[in-house]
Amino acid sequence: MSRNDANRAAAAWSRRDILRVGSLSFFGLDLSRYLRLQHLMADTGSAPRGKAQAAILLWLNGGPSHVDTWDPKRNSSFKPIATNVPGIRISELLPRVARHMDKLSLIRSMHTLENNHGIAHHYAMTGHRPNPAMKFPSLGSIISKELGARLSVPPYVMVPDGNWFGEHFRAHMLGASYDPMEIPDPSAKNFKIPDLRLPDSISVERLQQRRAMAGLVDALYREQMHSAEHASLDVFQQQALEMILSPAVREAFDLSKETEQLKDAYGRNTVGQSALIARRLVEAGSRFVTVVDRNRPESGDWDSHANNDKRHRDVLVPVLDQVLSTLLADLEQRGLLSSTIVIAMGEFGRTPDINPNGGRDHWPQCWSLALGGGGIRGGTIVGESDERGAYVKDRMVTIGDLFATLYKALGIDWHREYMHPIGRPLKIANSLDDKTGQPIQELV
Amino acid sequence: MAACLRAEVPKELLDSFSGSGMVTMRVVLLLLTAMLGSRVCFAEQPAPPRPASFAREIVSILTKQGCNSSSCHGGVKGRGGLKLSLDGLDPREDYKWIVQGGTYQVLSPEALPPITPRVSLQEPENSLLLRKPAMQVVHGGGEIFTPESPDYAAILEWVRGGAAYGEDVQKTLQGIEPSSREIVLGPGHTHSLRVVARFAGGRREDVTREVRYESLDSTVATVEPSGVLKALQKGETAVILRWLGQFAHVRIGVTDQEPASDAELPRNNFIDDHVFARLRRFRIRPSELSSDHEFVRRVCLDLAGTLPPPDRVREFLASKDPKKREKVVEALLNSPEYVEFWSLRFADLFRVRGEYGWILPFWEWVRRNVATDKPYHQVAREAIAVQGYGGASHKYQFGINKPPPIEQMVNETIRVFMGRRLDCAQCHNHPFDRWTQNQYWGLGAFFGRMTNTGWAFDNAVFDDPNGHEVDYVENDPTLRFRPVAHPRTKQPLAAMFMDGTALPEDRRDDPRLALANWVVSHPYFAEAAVNRIWGYFFGRGIVDPVDDFRVVNPPTHPELLAALARDFEQHGYSLKQLMRRIVNSRAYQLSSQTHELNRHDRTNYSHALPRPLEAAVLLDAISQVTGVPEVFDKNPAGKRAIQLRFPAGASFLSVFGRPARDAVPDPGGQLNLRQAMHMLAGTTFNAKLSNEAGRLHRLLQSGASDRQLVEEFYLAALSRFPTEREWAGLQKIFAERPRREAAEDLVWALITAREFAENH
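Chains as they are written, first to last, in our numbering: chain A, 25 to 468; chain B, 1448 to 2207.
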């Protein structure tokens, strides 16, 4: 149990006893004020070790074409434009991001191993190729576990949902507590988080009466069948109660607290509102929020095997351009950029050559991604691709290196290995040839 | 137990008897010494001097000293460049690495330089093989022995003698046997183990001092290198014996109980014979027989995944029929819920997943197997050898138009049907069990020609003479088929059974059928099958985890396992019959209530172990208690969770850990925060309580008294009546609070209780 959990458990027992006594005004407080005080006074878990405290991942499902976005080449129909960093040019499809290039860096020499969806998701999120003998924990789960939760807010959230590929974003051997909490599309009209709000007919006091009844009904069995599992349920119920009752948590998910202008700035669509809620969550204490970009109207996701140019120009990139630039500005404005890493990536890039359907197919050999914030240097280009964006020309970067860079910024030791229950050690920053990845020195 | 006396039977005398004459004379000797009232070990005189052989003397030292253990040079990559085979399984390889030198690489058979021999014939004392373990040069493993020790002398002698490979002792070595397979002793007591090696031709040799001993739990008992066992504190463990690639184990029980003087316990069948005999030997007293209400709830959940309705419980409790338990078992085995529940479990095991259209034939095959009680060896054969469309062919669906990778098929087939986890051996020899990479890929070759064709819902799997279809490579169809190669040696694979025999030429047209026939007739098949089923009913396999049979994970009851396997084979591999045997045994029917003397026993079946209900069963139970069915996405109303073909359509199921069927299911069901949140605030635990169609509303309207209401819900949820103490507490609450609220809270309390969510 982390120190934070232990503290909370200790606090929880005493609070529970107080409530059992039946006198909420024991301290002369009512319950909600008491909880609010707790929230304000609560420590933030383990002391911050790195500059970054959290990360937001814009997951561009399907794999964006790198030559049409971050790494403009002659074999793209689109022209490069200047950015607010001299010497750096990106695709003309990203004019707004171009004005924030000082906050963002580009890796143009990503090299990964899998070229089909699913397995490529797995590889991008765990650093390991799928293995039938074992399931690997994802980047978000590892970060949530290593840093621990803050202020009762779920540490790992995924919005809108993981769909068919969600299993690659999970914790597996690390335990279900580090699985992402999937929340629905915040741009939808009846947006509400399941399980986070008591039914209208149940007050807090009623809930306590229920729990007292449960104590009575289960007493005999618990007495006879001592088990650690039973005790852990009590702890989880207490944590759940805190989460449900905590105004901070409820507010973190409440977009009505944001101005209409800001909601417009992000864009009134799934990706935009999801990114806005991600910012709120990070502000409230989440550690890793994944915004899933996979369900664009009329276009599905970034997997443009046909009509690549039209899809990128008209549908896919403009939303990314708007969301990413707004997110960076918003984080900076609130003083959160230095403690929040932002990453925009998919599971691979796309082929340098256009196929007979006017599309581009999967291409893991050399592709690009963008990252910044959280102490990661912005306005830097790492690595170089050849003249067509087909192969790495200089300074290859692996998934292990990417992970090591993120871990270093977050204050996590990237050399760590977990012991999988089947008895095999696994690296948290797994690079090629069974080596540990190295943080990118140009960035962190 | 007294150490056995060593009679000095001269080796020459024994050797002079050959063939059947030898057996007779040995028997005469045994009878003679038995009449003399002493116990004889067929220990020979120390063998006369003979040249040291690498495979015997040196490998023996390397094993005993732990040099070739998985944490040192026997590990996946070896250490410091030196790789030895784990536990001395491959002495020829070891000889090569020692005598020729070189640094080992995992993924290639090539040795990296420096290629310097680790023995020096010119200056034997300068051999690395001596200097390293004696810490005369830096050695990561520390000082293993001093230059004055007998091991040092033995190695030096061998090098001086030319470092010859010598006799290939592993060719004639058949096994090692401890003098006792099971030892029970008190804390602080000691016992001298004796180990004998058996060679071809009947020769036996005492190898007690050469064997490597490892206690699996050194807080319970420790073993000295001399074989002296010392018991420390109460508990149970096993000692693993290793010598020249052979393994054995001794089960150890440490207890301060007196041997039981109880009268013989009643027994229902052979399962009880084995279980109670062991309890007696280990001096553990079993709990009482379960009460009727414990039994009826447990057996309904275990056979049918369904809670007994209150009326059935009342009926069962009231019945005076002495055979009522057997009759309930038969009724359950023949119920539609039995078919649904076991179809669910086998669908999880065989991983029936995919879009609805695809999976229907697969799911129907699973269900038909259960409904007709198809002999399990036939099920296995069909699952492994299937060709074409339909039925089990969808087992081999992996993404669109691709069979699974060979590794996945080997892992899954062997794990599901033989209970062994070869998995790690795909990249290197298994790090802590005896499987080699060659064995692994020899089995892989049976799948080496699989491919499938057709489109999404209309998929046929078959063996293609071109070879195995590999990962879909964009725009390059020529790369799709290739013959399978061994990943390390890069040689094309030849199909080979686990024991090394090659698939005969005339069977190569249908390699998977040959594999299927071999699997089902192998002894591992029946024992893995009965062990898995046993695990469902007892919460723990005789080998646990149920598909993880390993040298260092021996069965707790080897004779019981063998007896179950034999019974299973004799009854035509009928799963129903196996289940019948299990649930009719007294061992299964013991209460889960413990007493002081057996509270800590978790491996001897002295009492029933509580186990969490599976997600689908739990959801159905909640629906049944509240009387409000769940409505599942894309399914007609009234469908229950255990009837669902595929885990979907209810967030409850994923929150409560229903297997996603992307891997062989592991026992899951660990509580977590999401579940706690759902219990407090989620719909399942709230909306069903006061629903107008539900049981509570009906009871409130019906004019039932408080007591009747409480009893009805207790029977529905826990299959019992409330105790007087519980009723007193509840009565008070009902008096103080509005009736409806108190009743709702009672139902909530019951469906979130551990007593409800566990099978006990």
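The C-beta atom is built at its ideal place from N, Cα and C for all residues, glycine as well.
Bridge partners - M134(A), DSSP secondary structure assignment: DSSP, once it has assigned bridges, lists W391(A), V421(A) as partnering M134(A).
Under the three-state DSSP convention, the category S409(A) falls into: strand
Would you call the stretch 2006-2016 of chain B and the stretch 1688-1701 of chain B in contact, with 3 or more CB pairs under 8 Å? no
Would you kindly work out how many angstroms separate the C-alpha atoms of E441(A) and P463(A), rounded to a whole number? 16 Å
T1669(B) - containing beta strand (DSSP E), residue span: 1668-1670
Got a sec: is the Cβ-Cβ distance from L238(A) to anything in chain B below 8 Å? In the sequence as presented, Leu is not what sits at residue 238(A); that position holds Ala. At least one beta carbon of chain B lies nearer than 8 Å to the beta carbon of A238(A).
Step through the CB atoms of chain B and report whether any lies within less than 8 Å of the CB of P218(A). yes
Ignoring anything shorter than 4 residues or poking outside the stretch 1967-2004 of chain B, list the alpha helix (DSSP H) runs there in chain order. 1970-1985
Say whether chain A places a C-beta atom closer than 8 Å to the C-beta of L1926(B). Per-residue confidence for L1926(B) stands at a pLDDT of 47, beneath the threshold of 50, marking its modelled position as unreliable; no derived number is given.
Can you pull the chain A neighbours of S1596(B), defined as C-beta to C-beta under 7 Å? Neighbours of S1596(B) on chain A: none; closest Cβ ~32 Å, over 7 Å.
Below 7 Å on C-beta distance, what does E253(A) contact in chain B? L2118
Contact under 8 Å by Cβ, A2068(B) with G2104(B): no
Is there a Cβ of chain B sitting closer than 8 Å to that of Q389(A), yes or no? no
Taking the CB atoms as reference points, tell me whether I1699(B) and I1630(B) lie closer together than 8 Å. yes
Should Y415(A) be flagged as near chain B, meaning a C-beta pair shorter than 8 Å? no
Own chain residues within Cβ distance below 7 Å of D1795(B), not counting five before or after: P2106, R2108, P2112
Interface partners of K159(A) on chain B, CB under 9 Å: For K159(A), the chain B residues whose Cβ falls inside 9 Å of its Cβ are D2109, A2110, in order along the chain.
Interface residues of chain B facing Q232(A) [CB-CB closer than 9 Å]: What Q232(A) touches in chain B: nothing, since even the nearest Cβ is about 10 Å away.
Looking only at C-alpha atoms, which of T1860(B), L2118(B), P1852(B) sits nearest to A1839(B)? T1860(B)
If contacts are defined as beta-carbon pairs under 8 Å, then I143(A) and V181(A) qualify, I think. What distance do you get, rounded to the angstrom? That pair is no contact at about 25 Å.
Is the Cβ-Cβ distance between R1565(B) and G1548(B) less than 8 Å? Yes, Cβ-Cβ distance for R1565(B) and G1548(B) is below 8 Å.
Does A200(A) get closer than 8 Å to chain B when you measure Cβ to Cβ? So, interface residue.
Could you check where the beta strand (DSSP E) with Y180(A) kicks off and where it finishes? 180-183
By the 10 Å Cβ neighbour count, where 16 or more other Cβ atoms means buried, how is M443(A) classified, buried or exposed? exposed
So that I know if they touch, is there some Cβ in chain B lying closer than 8 Å to that of P88(A)? no
Using three-state DSSP, classify L1529(B) as helix, strand or coil. In this structure, L1529(B) counts as strand in the three-state DSSP scheme.
Status (buried if at least 16 other CB within 10 Å, exposed otherwise) for F2203(B): buried
Considering only residues of the same chain and omitting the five flanking positions on each side of L171(A), which have a CB-CB separation below 6 Å? R311
Minimum Cβ-Cβ distance from V241(A) to chain B less than 8 Å: yes
By Cβ distance below 8 Å, which residues in the same chain neighbour N331(A) in space, the five residues on each side in sequence not counted? N381, G382, G383.
Does DSSP put T1936(B) in a helix, a strand or coil? Coil at T1936(B), not helix or strand.
What span of residues does the beta strand (DSSP E) with Q1621(B) cover, start to end? 1620-1625
On the DSSP letters alone, give me the boundaries of the beta strand (DSSP E) that I365(A) sits inside. 364-369
Starting from P2057(B), find everything on chain A with Cβ-Cβ shorter than 8 Å and list it in chain order. In chain order: M249, S251.
Would you mind stating whether T107(A) and A122(A) have Cβ atoms separated by less than 8 Å? yes
Interface positions of the stretch 2165-2188 of chain B facing chain A (Cβ-Cβ less than 9 Å), listed along the chain: L2165, P2169, T2170, R2172, E2173, G2176, L2177, I2180, R2184, E2188
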